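Colleague:
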Amino acid sequence: MSFPKPLFLFLLLLLPTLTWAQQRPAARPATPATPPQGQRIELLGAGQLQGGTFNGVEIRKLIGNVSFKQGTTLLYCDSAYQYTERNALEAFSNVRIIQNDTITITGDRGTYDGDTRKARMTGNVTMRDPRMTLTTQLLDYDLNQNLAYYSTGGHLQDPENTLDSQFGYYNTQSKVFSFKRNVKLVTKENNIDTDTLQYNTVSKIAYFFGPTRIRGKQGNLYAENGTYNTITKVSNFARNAKIETPNYLLGGDKLFYDEAKQYGVATGHVSMTSKKDNIEIRGDVGRYWRAQGRAKVYGSRPVMRNISDRDTLYLTADTLVSVEGRPPQNKAGIIYAYRKVGIFRTDLQGRCDSLTYDRQDSIIYLSHDPVLWNNKNQLTADSMQIQQRKGQIDQMRLYGHAFSIGQDTLLNFNQVKGRYMVAYFRDKSIKKIDVLGNAESIYYALEGDTAVSGVNKSVSATMALRFAESKLQTISFLTNPEASFIPPNELKPEDAKLKDFRWRATERPTRRQTLGKHFPLPVKPKKKATPVKRKTATPKKATPTRKPAAKPAPTVPKSVKK
242 MSFPKPLFLF LLLLLPTLTW AQQRPAARPA TPATPPQGQR IELLGAGQLQ GGTFNGVEIR
302 KLIGNVSFKQ GTTLLYCDSA YQYTERNALE AFSNVRIIQN DTITITGDRG TYDGDTRKAR
362 MTGNVTMRDP RMTLTTQLLD YDLNQNLAYY STGGHLQDPE NTLDSQFGYY NTQSKVFSFK
422 RNVKLVTKEN NIDTDTLQYN TVSKIAYFFG PTRIRGKQGN LYAENGTYNT ITKVSNFARN
482 AKIETPNYLL GGDKLFYDEA KQYGVATGHV SMTSKKDNIE IRGDVGRYWR AQGRAKVYGS
542 RPVMRNISDR DTLYLTADTL VSVEGRPPQN KAGIIYAYRK VGIFRTDLQG RCDSLTYDRQ
602 DSIIYLSHDP VLWNNKNQLT ADSMQIQQRK GQIDQMRLYG HAFSIGQDTL LNFNQVKGRY
662 MVAYFRDKSI KKIDVLGNAE SIYYALEGDT AVSGVNKSVS ATMALRFAES KLQTISFLTN
722 PEASFIPPNE LKPEDAKLKD FRWRATERPT RRQTLGKHFP LPVKPKKKAT PVKRKTATPK
782 KATPTRKPAA KPAPTVPKSV KK
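Each residue of the sequence shown is one higher than the one before, counting from 242 in this note's numbering.
Put into structure tokens, the structure is as follows:
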């Protein structure tokens, strides 16, 4: 008996469905429930249909404009194998999967399991939705979980950015990508390299979970955790976060940076380094205005460290502000410090309420009750100016109520004061002081540094004092001098101090006080132990008799009138 050809094809298509319905096992409430099978894959059409076996498995071979449907999922290809004993198929050439009219996946070859609703696409795979395009060589797609993932390298592109990685996961419902290993995100302004990243294709926000570097026209960013908005260009970073510009490096535990406003805030273990002149500032909070070339560090007494060839200058205050130089006039910048300023270096310590450090001229300006110490000398004035040369102090200028106090070996206070004073330095010590206007002095004359022989008390319009090994050698009275020498037994308490005398040694900052918690104390190199030489026996010589030493002459500064 023969059937018409159309009827034969209809029965051939219907047979697997009838067989599957007859063989479906009955429900067994007493046994654990098995995962329910998915909706049957529906064949919509094909140019040719052939039945047979493939590797011992019953299949239907479909050729030419093949199309399938399962719920809202459509699959198209040039040819396919549909397995009759299980809800699965293999598709070949120009394979295309469409889900909910929004997700489209194309490739050279694909497999699809209708029960688990999992698809695998291989060869020139492209995945598209309205917001992005993903290309890779192998893509797995779980339609139940709305999750696509690849492990052979992928390339993502949207209207603003491109992204490459070795591994990737895409949630088609939340529109969030997760990338791992060799992740590279390229925006219009920046190149981003990281190891682990999440990217929201809706908000265009990137989330970082490992060491991340952002390189851009305005500078570079580094962090190990945080977010970056590719639309607003706002970064929120944590763990070893850093901003790097051609002139500065700003870092902290947390970092906020707005590229559009060129403004950044760092908090926790803040460090700001000037690349040009070896200056580093550390504190708790740092703010940076790149367009203005201005940075402000405060919190827990920030500290500036300026390393020179011969010494290191430490500067601390409640607030430190750094302003970049403006080439070509000012190649270096300016440091401003205010409120409770402290200074420390091996040859100089000081305090004041506000300070300006002009790095172009290496000049430090101190105001509001400044006081400086050099060795055993204390200098005070209404305001001061320190001039440096080749990393060492060259001059100090004291303006208004200038006062110099020094202690001798017997702890007496040698004093000189005037309206204006200039101190000259050599080899980290005072060598000369010029006092200009209303000059007064009190200096103790010693006998061999063991006894006071008298006190020189002088008044002059101008004076010049010269020192050797931090000790006064000569005093020159240049205009209208009046001098007197007072023996020790005639010295009255009111004659021992000039007016406005104030010894402030307890205020002298130490290295530990200045560095605070931000810098460790320098480690002193250990001295090598010198080998002990064995003594050899030598014949004793007669000890010559010594003549009694002559009594030393009194040490008195010379007064020279000109």
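Glycine is no exception: its CB is placed at the ideal position from the N, C-alpha and C atoms. Predicted model, so just to flag it, every value in this text is computed and none were measured.
The alpha helix (DSSP H) that contains THR755, what's its start and end?
Modeller: To locate residue 755, count along the sequence shown from 1; it is residue 514. Residues 752-756.
Colleague: Whose CA, out of MET373, THR367, THR376, SER419, lies closest to the CA of LEU388?
Modeller: Numbered from its first residue, the sequence shown carries residue 388 at position 147. It is SER419.
Colleague: Looking at the structure shown, is GLU731 part of a helix, part of a strand, or coil, going by DSSP?
Modeller: In the sequence shown, residue 731 corresponds to position 490, counting from 1. Looking at GLU731 - three-state DSSP - the assignment turns out to be helix.
Colleague: Is it the case that the Cβ atoms of ASP623 and TYR606 are separated by a distance below 8 Å?
Modeller: The residue labelled residue 623 in the question sits at position 382 within the sequence shown. The residue labelled residue 606 in the question sits at position 365 within the sequence shown. Not a contact, by the Cβ cut-off of 8 Å.
Colleague: When you compare each of GLU565, LYS581, SER515, GLY566 to SER541 by their alpha carbons, which one comes out closest?
Modeller: Numbered from its first residue, the sequence shown carries residue 541 at position 300. For the residues GLU565, LYS581, SER515, GLY566, the minimum Cα distance to SER541 belongs to LYS581.
Colleague: Run through DSSP, which three-state label would ASP649 get?
Modeller: Counting from 1 along the sequence shown, the entry for residue 649 is found at position 408. In the structure shown, ASP649 sits in coil (DSSP, three-state: anything other than H, G, I, E or B).
Colleague: Please state whether the Cβ-Cβ distance between LYS458 and ASP436 is less than 8 Å.
Modeller: Working through the sequence shown from its first residue, we reach residue 458 at position 217. Working through the sequence shown from its first residue, we reach residue 436 at position 195. Not in contact: LYS458 and ASP436 (Cβ atoms no closer than 8 Å).
Colleague: Decide yes or no for the touch test of the stretch 675-693 against the stretch 635-651: beta carbon pairs closer than 8 Å, at least 3 of them.
Modeller: yes
Colleague: What is the rounded straight-line gap between the Cα of ALA536 and the Cα of VAL562?
Modeller: The count along the sequence shown starts at 1 and reaches residue 536 at position 295. The count along the sequence shown starts at 1 and reaches residue 562 at position 321. Cα to Cα, the separation comes out at about 6 Å.
Colleague: One question on the structure: do ASN488 and GLU565 come within less than 8 Å of each other, judged by their Cβ atoms?
Modeller: Taking the sequence shown and counting its residues from 1, one reaches residue 488 at position 247. Taking the sequence shown and counting its residues from 1, one reaches residue 565 at position 324. Contact: yes.
Colleague: If you draw a straight line from the alpha carbon of SER512 to that of GLY534, how long is it in whole angstroms?
Modeller: By 1-based counting over the sequence shown, the position of residue 512 is 271. By 1-based counting over the sequence shown, the position of residue 534 is 293. Per the coordinates, the alpha-carbon of SER512 lies some 16 Å from the alpha-carbon of GLY534.
Colleague: Apply the 10 Å Cβ neighbour rule to PHE585 and answer buried if 16 or more other Cβ atoms are within range, or exposed otherwise.
Modeller: Numbered from 1 along the sequence shown, position 344 holds the residue referred to as residue 585. Counting Cβ neighbours within 10 Å, PHE585 comes out buried, since at least 16 surround it.
Colleague: Could you check which residue in PRO728, LEU677, VAL443 has the C-alpha nearest to that of LEU706?
Modeller: As a first step, residue 706 must be located in the sequence shown, where it is residue number 465. The shortest Cα separation from LEU706 among PRO728, LEU677, VAL443 belongs to LEU677.
Colleague: Am I right that ALA686 and TYR661 are in contact with their C-beta atoms under 8 Å? What's the rounded C-beta distance?
Modeller: Position 445 of the sequence shown holds residue 686. Position 420 of the sequence shown holds residue 661. Contact flag wrong, Cβ pair sits at about 27 Å.
Colleague: Which residues share a DSSP beta bridge with LYS537?
Modeller: Numbered from 1 along the sequence shown, position 296 holds the residue referred to as residue 537. Note: LYS537 sits in a beta bridge opposite ARG528, VAL562.
Colleague: With DSSP collapsed to three states, give me the class of ARG265.
Modeller: Within the sequence shown, residue 265 is the residue found at index 24, counting from 1. Low per-residue confidence applies at ARG265: pLDDT is 37, beneath 50, and the placement is therefore not dependable, though the value from the model is reported in the following sentence. Coil at ARG265, not helix or strand.
Colleague: Is ILE683 closer than 8 Å to VAL696 when the C-beta atoms are compared?
Modeller: For the purposes of this step, residue 696 is taken as residue 455 along the sequence shown, with counting starting at 1. For the purposes of this step, residue 683 is taken as residue 442 along the sequence shown, with counting starting at 1. Yes, the pair counts as a contact, with Cβ atoms nearer than the cut-off.
Colleague: Could you give the DSSP three-state label for THR747: helix, strand or coil?
Modeller: Here the question's residue 747 lines up with position 506 in the sequence shown. THR747: helix per DSSP, three-state reduction.
Colleague: Take ARG551 and list the residues in its own chain whose beta-carbon comes closer than 7 Å to its own, dropping the five residues that flank it on each side.
Modeller: For the purposes of this step, residue 551 is taken as residue 310 along the sequence shown, with counting starting at 1. Once the five neighbours on either side are set aside, the close Cβ partners of ARG551 are GLY632, GLN633.
Colleague: Going by DSSP, what residue range makes up the beta strand (DSSP E) through HIS510?
Modeller: Here the question's residue 510 lines up with position 269 in the sequence shown. Segment 504-515, the beta strand (DSSP E) holding HIS510.
Colleague: Find out if the Cβ-Cβ distance for the pair CYS318, ALA332 is shorter than 8 Å.
Modeller: Here the question's residue 318 lines up with position 77 in the sequence shown. Here the question's residue 332 lines up with position 91 in the sequence shown. Taking 8 Å as the Cβ cut-off, CYS318 and ALA332 qualify as a contacting pair.
Colleague: Nearest CA to the CA of ASP559: which residue from ARG567, TYR539, SER549, SER701?
Modeller: Here residue 559 corresponds to residue number 318 of the sequence shown, with the count starting at 1. Of the listed residues, the one whose Cα sits closest to ASP559 is TYR539.
Colleague: Could you name the residues of the same chain whose beta carbon sits closer than 6 Å to that of GLU465, not counting the 5 residues immediately before and after it, in chain order?
Modeller: Walking along the sequence shown from the start, residue 465 turns up at place 224. Hits under 6 Å: PRO452, ARG480, ASN481.
Colleague: Classify SER415: buried if its beta carbon has 16 or more other beta carbons within 10 angstroms, exposed otherwise.
Modeller: In the sequence shown, residue 415 corresponds to position 174, counting from 1. Exposed, since its Cβ has fewer than 16 Cβ neighbours within 10 Å.
Colleague: CA-CA distance, GLN323 and ILE304?
Modeller: Reading the sequence shown from its first residue, position 82 is the one you call residue 323. Reading the sequence shown from its first residue, position 63 is the one you call residue 304. Using only the alpha carbons, I get a separation of about 11 Å.
Colleague: So PRO750 packs on ARG592, CB below 8 Å; how close in whole Å?
Modeller: By 1-based counting over the sequence shown, the position of residue 750 is 509. By 1-based counting over the sequence shown, the position of residue 592 is 351. Between ARG592 and PRO750 the Cβ distance is about 6 Å, and since that is below 8 Å, they are a contact.
Colleague: Return the bridge partner residues of HIS396 from the DSSP annotation.
Modeller: Position 155 of the sequence shown, counting from 1, holds the residue named residue 396. Answer is THR376, ASP405, bridged to HIS396.
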